[in-house]
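As they're listed, the protein sequences go chains A and B.
Reminder that position 52 of the first sequence reads as 52 in the numbering used here, one-by-one numbering, no gaps.
Reminder that position 233 of the second sequence reads as 233 in the numbering used here, one-by-one numbering, no gaps.
Scroll down for the structure; my scribbles are underneath it.
Number of protein chains: 2
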Amino acid sequence: MKVLIADDDPQILRALRIMLTARGYDVLTARTGAEALNEAITHHPELVMLDLGMPELNGIEVIEGLRGWSQVPILVVSGRTDSADKVDALDAGADDYVTKPFAADELLARIRALTRRTPTVSDEPVIRFGPIAVDLAARQVLRSTEAGSEIVRLTPTEWQVLDVLVRNPRRLVTRQTLLTEVWGPQYTSDTGYLRLYLAQLRKKLEPVPSHPRYLVTEAGMGYRFMPDADDPANN
Amino acid sequence: MKVLIADDDPQILRALRIMLTARGYDVLTARTGAEALNEAITHHPELVMLDLGMPELNGIEVIEGLRGWSQVPILVVSGRTDSADKVDALDAGADDYVTKPFAADELLARIRALTRRTPTVSDEPVIRFGPIAVDLAARQVLRSTEAGSEIVRLTPTEWQVLDVLVRNPRRLVTRQTLLTEVWGPQYTSDTGYLRLYLAQLRKKLEPVPSHPRYLVTEAGMGYRFMPDADDPANN
DNA sequence: GTCGGTCCTAACGCATCCCTAACGCAGGCG
DNA sequence: CGCCTGCGTTAGGGATGCGTTAGGACCGAC
Numbered sequence: 001m002k003v004l005i006a007d008d009d010p011q012i013l014r015a016l017r018i019m020l021t022a023r024g025y026d027v028l029t030a031r032t033g034a035e036a037l038n039e040a041i042t043h044h045p046e047l048v049m050l051d052l053g054m055p056e057l058n059g060i061e062v063i064e065g066l067r068g069w070s071q072v073p074i075l076v077v078s079g080r081t082d083s084a085d086k087v088d089a090l091d092a093g094a095d096d097y098v099t100k101p102f103a104a105d106e107l108l109a110r111i112r113a114l115t116r117r118t119p120t121v122s123d124e125p126v127i128r129f130g131p132i133a134v135d136l137a138a139r140q141v142l143r144s145t146e147a148g149s150e151i152v153r154l155t156p157t158e159w160q161v162l163d164v165l166v167r168n169p170r171r172l173v174t175r176q177t178l179l180t181e182v183w184g185p186q187y188t189s190d191t192g193y194l195r196l197y198l199a200q201l202r203k204k205l206e207p208v209p210s211h212p213r214y215l216v217t218e219a220g221m222g223y224r225f226m227p228d229a230d231d232p233a234n235n
Numbered sequence: 001m002k003v004l005i006a007d008d009d010p011q012i013l014r015a016l017r018i019m020l021t022a023r024g025y026d027v028l029t030a031r032t033g034a035e036a037l038n039e040a041i042t043h044h045p046e047l048v049m050l051d052l053g054m055p056e057l058n059g060i061e062v063i064e065g066l067r068g069w070s071q072v073p074i075l076v077v078s079g080r081t082d083s084a085d086k087v088d089a090l091d092a093g094a095d096d097y098v099t100k101p102f103a104a105d106e107l108l109a110r111i112r113a114l115t116r117r118t119p120t121v122s123d124e125p126v127i128r129f130g131p132i133a134v135d136l137a138a139r140q141v142l143r144s145t146e147a148g149s150e151i152v153r154l155t156p157t158e159w160q161v162l163d164v165l166v167r168n169p170r171r172l173v174t175r176q177t178l179l180t181e182v183w184g185p186q187y188t189s190d191t192g193y194l195r196l197y198l199a200q201l202r203k204k205l206e207p208v209p210s211h212p213r214y215l216v217t218e219a220g221m222g223y224r225f226m227p228d229a230d231d232p233a234n235n
């Protein structure tokens, strides 16, 4: 199992590497936030351990950068004990937060708990409907035309909205969950931008945007992604 | 979102209930391990907060009992700070571990982190009667016809009424309960719209809307959902 | 400084939904 | 037998929600 450790302190990096290697983990390391993002993109680790106080990009920015395209479990290991730091990191997308100094066996148990819960998030990370193919891992959308296939460009926000919807096929996603998933837990009332992004997504993905077939709206409740009826991906 | 809190200390129970209720969570409580398991089985909460030192069954046993059939996120809130306790709880199946005393905002952030990750993989509460299948999780109603199945569209209010009824199979639901559940606690007298929505539901769901078989009215009292007699889902 | 892209606000039709009002009908009761 | 109460049903107005367009604020790149 590949684990990425990002910390600017070589001491900690070395200690963690030894501890995890001895337990059979494959350890990748990074010393800056930018380096951490690069490593994550190229090697797709199954767990990311992150320090908050790194140069170039701080921990929160790294979390947001990761969460833009990956569901990998993120464990923050930080010297900051202030609860505000914890709240910020967790709300940004981290899954757990451990303060230094930490007990080695507890850290290992938390790592086991995090990796246990995600036994391969999705064995089929590419979702197809109509002429569209959504590759969640590669963060890419392709539309097949008669002359091959073309790349559909989506903005970050459009991606997050689409991500939530396609991860819940056939299920109703309420306006509120969509808002909190994309814009954060403090957003609960819609002033109208959800409609906007749904319209843009439909313009880019639907065969007939004015008559949506896959990104269906349920009046007064929310939205729903309806896969093709013959799609074998049913779960 | 339903949250089950299991703790033998009434003080903590009360504090947590207030804190979570204010944030919009539906709080269930239990004072013993056995009670916690019972509550979990009957109400299927989306998060379980657990104290380790409870009578009857200790925390670890409760975790194991839950994990036997449920993937619900488990957050341990315990006074024990020993790392061995944390390791045991986490390895038994808990997802996070917070020691008392805890910071309220951190606890809330951890709750958000835990519930965010699970897209409510909840067990499949599909209720069937006649040609109708009600999928509560997906918020979808299907009617099977000779040529496959078609989607039945329900308005939000129709959904809420149906939701209350099917969650109480064979039980009488008084007019007042229905009103307060759907329209809010201040509504107590019916000016006639309940009749309206029942009529619409019957028109959409009953085989013979003029002679209701599943959505039965009890004159002067309320309504009752009667499942098929041979339905194995009896609880 | 300029430019392109993205995010959000505001406003306007339009469809849908909620609720009121009225009428018909059945059963209970004096 | 006639009245009354409670429920089912229908139709229509008002309100809300949604899709759509246009335009300004903000930010990083060049």
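All C-beta atoms in this analysis are idealised placements derived from N, C-alpha and C, irrespective of residue type, glycine included.
- Neighbours of residue 101 (chain A) across chain B, judged by C-beta separation under 8 Å, do not exist; the nearest C-beta is about 12 Å away.
- Look at residue 169 (chain A) here: in three-state DSSP terms it is strand.
- In the DSSP assignment, residue 195 (chain A) falls outside any beta strand (DSSP E) and lies within the alpha helix (DSSP H) extending over 193-205.
- For residue 22 (chain B), not one C-beta of chain A is nearer than 8 Å to its own C-beta.
- When DSSP states are grouped into helix, strand and coil, residue 81 (chain B) belongs to the coil group.
- Collapsing the DSSP output to three states places residue 188 (chain A) in coil.
- Excluding residues up to 5 positions away in sequence, 179, 180 lie with their Cβ nearer than 8 Å to the Cβ of residue 187 (chain A) in the same chain.
- Residue pairing of residue 28 (chain A) in beta bridges, as defined by DSSP: A:4.
- Across the set B:104, B:144, B:148, B:127, the C-alpha of B:127 shows the shortest separation from the C-alpha of residue 138 (chain B).
- Considering only A:50, A:143, A:202, the residue with the shortest C-alpha distance to residue 35 (chain A) is A:50.
- According to the DSSP secondary-structure assignment, residue 127 (chain A) is paired through a beta bridge with A:134.
- Counting C-beta atoms within 10 angstroms of its own C-beta, residue 208 (chain A) has fewer than 16 neighbours from the protein chains shown and is therefore classed as exposed.
- Membership of residue 213 (chain A) in any beta strand (DSSP E) is not indicated, and neither H nor E is assigned to it by DSSP.
- Around the beta carbon of residue 195 (chain A), fewer than 16 other beta carbons lie within 10 angstroms, which makes this residue exposed.
- The CB of residue 83 (chain A) comes closer than 7 Å to the CB of 103, 105, 106 in chain B, given here in chain order.
- Interface residue (Cβ-Cβ distance to chain B less than 8 Å): residue 220 (chain A) is classified as such.
- Legend: CB atoms of the stretch 160-190 of chain B lying less than 8 Å from CB atoms of chain A are not found in any residue.
- The beta carbon of residue 184 (chain A) sits closer than 8 Å to the beta carbons of 91 from its chain, once the five residues preceding and following it are set aside; these are given in chain order.
- Ranked by how close their Cα comes to the Cα of residue 99 (chain A), the residues A:84, A:222, A:38 have A:84 in first place.
- The C-alpha of residue 15 (chain A) is placed about 15 Å away from the C-alpha of residue 24 (chain A).
- Residues of chain B whose Cβ lies closer than 7 Å to the Cβ of residue 86 (chain A) are, in chain order, 106, 109.
- Between the stretch 102-119 of chain B and the stretch 62-75 of chain B there are three or more C-beta pairs closer than 8 Å, enough to call the two in contact.
- Against residue 112 (chain A), the close residues of chain B are 90, 91, in the order they occur along the chain (beta-carbon pairs closer than 8 Å).
- Contact check for residue 156 (chain B) against residue 130 (chain A) fails: the beta carbons are separated by 8 Å or more.
- The C-beta of residue 140 (chain B) comes closer than 8 Å to at least one C-beta of chain A.
- Residue-level contact by beta carbon holds for residue 117 (chain A) and chain B, with a gap shorter than 8 Å.
- Beta-carbon to beta-carbon, residue 222 (chain B) and residue 172 (chain B) are separated by about 6 Å, close enough to satisfy the 8 Å threshold.
- Boundaries of the alpha helix (DSSP H) harbouring residue 180 (chain B): 175-183, taken from the DSSP string.
- Around residue 148 (chain B), the same chain offers no residue with a beta carbon nearer than 6 Å, after the five sequence neighbours per side are excluded.
- With a threshold of 8 Å between beta carbons, residue 45 (chain B) makes no contact with chain A.
- At least 8 Å separates the CB of residue 15 (chain A) from every CB of chain B.
- Ranking A:203, A:176, A:205, A:204 by CA distance to the CA of residue 192 (chain A) puts A:176 first.
- Contact check for residue 5 (chain A) against residue 32 (chain A) fails: the beta carbons are separated by 8 Å or more.
- For residue 99 (chain B), the secondary structure class from DSSP, reduced to helix, strand or coil, is strand.
- Chain B places a beta carbon closer than 8 Å to that of residue 96 (chain A), counting this residue as a contact.
- Within chain A, the C-beta atoms nearer than 7 Å to that of residue 137 (chain B) come from 171, in chain order.
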